[in-house]
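All residue numbers in the sequence shown are consecutive under my numbering, ending with 476.
From the three backbone atoms N, C-alpha and C, an ideal C-beta is built for every residue, glycine too.
Model, not experiment: these values are computed from the prediction.
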Amino acid sequence: MDQNINLAIFSGCTGDLSDLFAQSPTSNPYFHQVLPLDSTQVPVEITHYSSATSFNLEAGVEGLTSADDGEPDHELVEDHDPEGIHAALCITPTMDKNIKENTIPFVLQSYCQWAIVSVFEPLKVVRTLKDQVIEKFAFEDTRTRTILIANVMGMFAKNPLVDSTGKSIVAYLASKVREDLQFFTAMPPSPILTQDRQNAMHVLDHTLEIMTLQLNTRPLATCIQLVQDSAPVFRRACSKPPGQPLNLAKILLDPDLNLRHFVSADILTCVTTGRPTCFKYDIAFSAELCERMFRLQENHGLHWLHGLPDQFIMIFAWINSLCEIPGAGSNVDLVTWIETEILQAKVALDASEDPVLRIGRMAVREGWRNATLIYLYMVLCEADASDFRVVRALRNFMRLTNGVNPGRFPDTYLANPMIIAGVAACKEKDRSTIRQRILKVPECSVPETAGYDAVLALENVWQRTRDEGRAAVWSDLRIACFIVTGT
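What follows is the structure in structure tokens.
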């Protein structure tokens, strides 16, 4: 993208990206002289990143460029606000954006519109978003980034198929976040532990928005790389000394959003790609802990973002840790215990007055329950997709999926459990349903986006197992992810 392109920045001004980011992050006092004045370079241009690997899956990729019945399901939010998110923020739609005093309200409006189409339960987080936006406007470096992020969010709310300008802004913002992460990692820790943790928290501040925006606009390899780049900074933000396992329950219940977001992203990346997590987590699992997490989920966890109940995040990590114990998968009592915990884990009953939201959210939560069962059998028990337990869990998942109408909601949030279910899918009918439901989500229908790459990985699993005349095993997903992403 040409550096001189004008972006529609709020308050009636136009911006050059090099002007917006000319100021060093040291202008924020939270850094306390950790970063040097020249740590942020003025960009010459914004460049696109290409996929790490070229490939051709040939058979089985028919229809990958679009869903089965025409145009993607675009949903505009200007007239779609069933839960009154705009009213909760006291946003007036008719404000004049050319008035400087309306800058913050219009940024809030963009965040609000983005939340309606991109957050599983936006009403639970809308006030937190408002507080964070206002806080970020207190400093020049975070203010300019927040304005750019708001621009992309506004674009995405109007059309999930973000144009080249929006994609370039996301790529640029992601590059700046990576620079901050890498520079901080290279710096020696502050001798004052609490200060070093505070500095690490500040560096992580924009990763939530960028990770989420990248999922909609960038290849899967790029999204994975940002999680990996964030890992050492996240580790310095934790209270546990280096070298010790991280207490997952404590992090998921931590008041800091950045910590909760990283572990959720790390574990979610693991279960949808077959890759290992960035860290080993200490899992002292119990039914009482699950009950406590359920009670506290209103103010903790990240269930509101993607619809994955925090109890299932714990169980995924528990399964991963048990895989390191020889013979654990053949321990019938242990497997039965985990099955029971999955089946009995409480999920929230949605209180929305909108029946579409209420039914869709319950479908997503129960979809994750069945996906977690599939993960238990295929990962810990090392069962293949023909195992009767896997077949049963998949059948329940597909019945649930087929019981709700296709659309951006709920399929945006069903896409991740569909990837797990897709590895277990042996019937062409089930594979076709999963393929088309994911690709029906507009931002997943475009090549070189995370959702599209996930479908390519499933196509690779299906084609290889078809050619070899066998049922899939979990390691097939890791192989497919490597073929698609090169990592």
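Under the rule that 16 or more other beta-carbon atoms within 10 Å means buried, what is residue i, buried or exposed?
{"i": "valine 66", "result": "Note that valine 66 scores 46 on pLDDT, short of 50, meaning its location in the model is unreliable and no value can be drawn from it."}
{"i": "cysteine 470", "result": "buried"}
{"i": "isoleucine 256", "result": "buried"}
{"i": "phenylalanine 377", "result": "exposed"}
{"i": "methionine 418", "result": "What sits at residue 418 in the sequence shown is lysine, not methionine. The residue in question, lysine 418, is exposed, as its Cβ has fewer than 16 Cβ neighbours within 10 Å."}
{"i": "lysine 156", "result": "buried"}
{"i": "aspartate 456", "result": "exposed"}
{"i": "tryptophan 451", "result": "buried"}
{"i": "leucine 162", "result": "buried"}
{"i": "leucine 242", "result": "buried"}
{"i": "glutamate 110", "result": "buried"}
{"i": "isoleucine 123", "result": "exposed"}
{"i": "histidine 69", "result": "exposed"}
{"i": "threonine 261", "result": "buried"}
{"i": "glycine 49", "result": "Low local confidence applies: a pLDDT of 39 at glycine 49 is under 50, so the model's placement there is unreliable, with the coordinate-based value given in what follows. Buried: at least 16 other Cβ atoms inside 10 Å."}
{"i": "proline 61", "result": "Confidence at proline 61 is low in this model, with a pLDDT of 42, below 50, so the placement of that residue should be treated as unreliable; the coordinate-derived value is given next. Proline 61 should be labelled buried."}
{"i": "alanine 360", "result": "buried"}
Which one or two residues does DSSP pair with residue i in a beta bridge?
{"i": "asparagine 188", "result": "DSSP, once it has assigned bridges, lists no residue as partnering asparagine 188."}
{"i": "asparagine 236", "result": "Asp271"}
To which residues of the same chain is residue i closer than 6 Å at the C-beta, ignoring the five residues directly before and after it?
{"i": "threonine 42", "result": "Residue confidence is low: threonine 42 scores 35 on pLDDT, short of 50, so the model does not pin down where it sits. Its coordinate-derived value is still stated next. Within the same chain, threonine 42 has close Cβ partners Gly475."}
{"i": "alanine 146", "result": "Val66, Gln102, Trp103 and Val106"}
{"i": "isoleucine 138", "result": "Glu198"}
{"i": "serine 99", "result": "Ala139, Met142 and Gly143"}
{"i": "glycine 290", "result": "Leu241 and Asp299"}
{"i": "phenylalanine 398", "result": "Gly349"}
{"i": "alanine 439", "result": "Leu204, Leu209 and Cys212"}
{"i": "phenylalanine 223", "result": "Phe251"}
{"i": "alanine 306", "result": "Leu237, Ile256, Tyr270 and Ile272"}
So, at 8 Å on beta carbons, what are the nonlocal neighbours of residue i in its own chain, with the 5 sequence-adjacent residues on each side left out?
{"i": "arginine 459", "result": "Asp373"}
{"i": "proline 234", "result": "Phe268, Lys269, Tyr270 and Asp271"}
Roughly how far, in whole angstroms, is the beta-carbon of residue i from the beta-carbon of residue j, given that I think they are within contact range, below 8 Å?
{"i": "valine 159", "j": "arginine 116", "result": "In fact, because the Cβ distance is near 26 Å, the residues do not count as touching under 8 Å."}
{"i": "glycine 296", "j": "tyrosine 364", "result": "Their Cβ separation, rounded to whole angstroms, is 16 Å, which puts glycine 296 and tyrosine 364 out of contact at 8 Å."}
{"i": "glycine 349", "j": "valine 393", "result": "6 Å"}
{"i": "aspartate 185", "j": "threonine 131", "result": "Aspartate 185 to threonine 131, Cβ: 20 Å. No contact."}
{"i": "methionine 303", "j": "alanine 238", "result": "7 Å"}
{"i": "leucine 311", "j": "leucine 369", "result": "6 Å"}
{"i": "methionine 367", "j": "valine 379", "result": "6 Å"}
{"i": "valine 108", "j": "leucine 294", "result": "6 Å"}
{"i": "leucine 248", "j": "cysteine 279", "result": "In fact, because the Cβ distance is near 20 Å, the residues do not count as touching under 8 Å."}
{"i": "glutamate 72", "j": "serine 341", "result": "6 Å"}
{"i": "isoleucine 427", "j": "alanine 443", "result": "7 Å"}
{"i": "arginine 134", "j": "proline 178", "result": "That belief does not hold up - the Cβ atoms of arginine 134 and proline 178 are roughly 25 Å apart, past 8 Å."}
{"i": "glycine 318", "j": "glutamate 371", "result": "6 Å"}
{"i": "glycine 263", "j": "arginine 467", "result": "3 Å"}
Counting only the same chain and skipping the five closest in sequence on each side, list residues whose C-beta sits under 7 Å from that of residue i.
{"i": "aspartate 465", "result": "Val412, Val450, Arg453 and Thr454"}
Contiguous alpha helix (DSSP H) assignments of at least 4 residues, all confined to the region 134 to 200: Correct list: 153 to 175 and 182 to 192.
Ordered list of alpha helix (DSSP H) runs contained in the region 265 to 351, each at least 4 residues: 276 to 285, 292 to 295, 299 to 311 and 321 to 333
Sequence ranges, alpha helix (DSSP H) only - wholly within the region 401 to 457, length at least 4: 417 to 428 and 439 to 457
Inside the region 92 to 126 only - alpha helix (DSSP H) runs reaching at least 4 residues: 92 to 107 and 115 to 125, all fully within the region 92 to 126.
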